[in-house]
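What follows is one structure encoded as structure tokens, with my remarks underneath.
In the numbering used here, the protein residues as written are 101 to 306.
Written out as structure tokens, the structure is:
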């Protein structure tokens, strides 16, 4: 039985997730509204999954989560967020999250993520609304806002220096489809040079 720790600053959300996931056969070994208690649960109880909304977590806590993830290959971080923030999405990449889901999505989407095989890459949510962040330029923010979930995935792989074939194999798409996504991304960033896209991806934590 998969072990889960839940963190959210809203007790009603925690209660709802506790009930739903318990009914689906998951073992909820800890849930809290307090960041310090979250880390105690993770260190002492060793869950398979952390489900959390990062909105109320300070940067220091996000960094600590990153450190815990590096120490445990079996720990999966699932972000279940009330806000579709570019900043938190990008931090999610840096945290090596398993998934970033919006609370506007049905709970069945969360259930599906938790049942994916290890090392699977779930689809990202489409980014419709985001809040500006100091580290993201106005122009880049506008372009990032326009990307679909799949384009965000492809952008990450481009930033990692992967070829079209490597990306196609990993996402189980055709080379032609990847080329189309790449062209769409370049158009949205107003460039004809893929090196500009690679630079944007790397500068924004991809």
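Where a beta carbon is used, it is the ideal one built from N, C-alpha and C, also for glycine.
Item checked: Inter-residue spacing [alpha-carbon to alpha-carbon] between residue 203 and residue 120 -> 14 angstroms
Notebook entry, point to check: What residue does the beta strand (DSSP E) around residue 280 start on, and which one ends it?
Noted result: First-last for residue 280: 275-288, but that is the alpha helix (DSSP H), not the beta strand (DSSP E).
Check: If you draw a straight line from the C-alpha of residue 128 to the C-alpha of residue 285, how long is it?
Finding: Straight-line Cα distance between these residues: approximately 40 angstroms.
Next item on the list: Could you give the DSSP three-state label for residue 236: helix, strand or coil?
Entry: Per-residue confidence for residue 236 stands at a pLDDT of 48, beneath the threshold of 50, marking its modelled position as unreliable; the derived number appears in the next sentence. Under the three-state reduction of DSSP, residue 236 is assigned to coil, being neither helix nor strand.
Next item on the list: Going by CA-CA distance only, name the one from 145, 170 and 254 that's closest to residue 278.
Entry: For residue 278, the closest of 145, 170 and 254 by C-alpha to C-alpha distance is 254.
Notebook entry, point to check: Taking one C-beta from the region 264-271 and one from the region 284-304 each time, how about it: are there three or more such pairs within less than 8 angstroms?
Noted result: Segments in contact, no.
Check: What separation, rounded to the nearest whole angstrom, lies between the Cα atoms of residue 300 and residue 123?
Finding: 43 angstroms
Item checked: Nearest neighbour of residue 210, chosen from 144, 250 and 179 [CA to CA] -> 179
Notebook entry, point to check: DSSP three-state call for residue 261: helix, strand or coil?
Noted result: coil
Check: What are the start and end residues of the beta strand (DSSP E) that includes residue 201?
Finding: First-last of the beta strand (DSSP E) with residue 201: 199-202.
Notebook entry, point to check: Any C-beta of chain D sitting closer than 8 angstroms to the C-beta of residue 263?
Noted result: Any reference to chain D falls outside this structure, which holds one protein chain only.
Notebook entry, point to check: So, helix, strand or coil for residue 130, using DSSP?
Noted result: strand
Next item on the list: Note the first and the last residue of the continuous beta strand (DSSP E) segment covering residue 155.
Entry: Counted as a single uninterrupted DSSP element, the stretch harbouring residue 155 is not any beta strand (DSSP E), since DSSP gives it neither H nor E.
Check: Can you give the Cα-Cα distance for residue 230 and residue 113, rounded to whole angstroms?
Finding: Any reading at residue 230 must be qualified, since the residue scores a pLDDT of 45, below 50, and its modelled position is unreliable; the value itself is stated next. Computed Cα separation, rounded: 22 angstroms.
Next item on the list: Report all residues from its chain with a CB closer than 6 angstroms to the CB of residue 317; omit the five preceding and five following residues, and keep chain order.
Entry: Here the chain comprises residues numbered 101 to 306, so residue 317 is not present and cannot be evaluated.
Item checked: Residue span of the alpha helix (DSSP H) that contains residue 118, given as start and end -> 111-123
Next item on the list: Go ahead and label residue 244 buried or exposed: buried means 16 or more other beta carbons lie within 10 angstroms of its beta carbon, across all protein chains shown.
Entry: buried
Next item on the list: Measure the alpha-carbon distance for residue 131 versus residue 216 and round it to whole angstroms.
Entry: 22 angstroms
Next item on the list: Look at the alpha carbon of residue 213 and the alpha carbon of residue 248, and state the distance between them as a whole number of angstroms.
Entry: 19 angstroms
Check: Does the beta-carbon of residue 294 have 16 or more other beta-carbons within 10 angstroms, so that it is buried, or is it exposed?
Finding: So residue 294 ends up on the exposed side.
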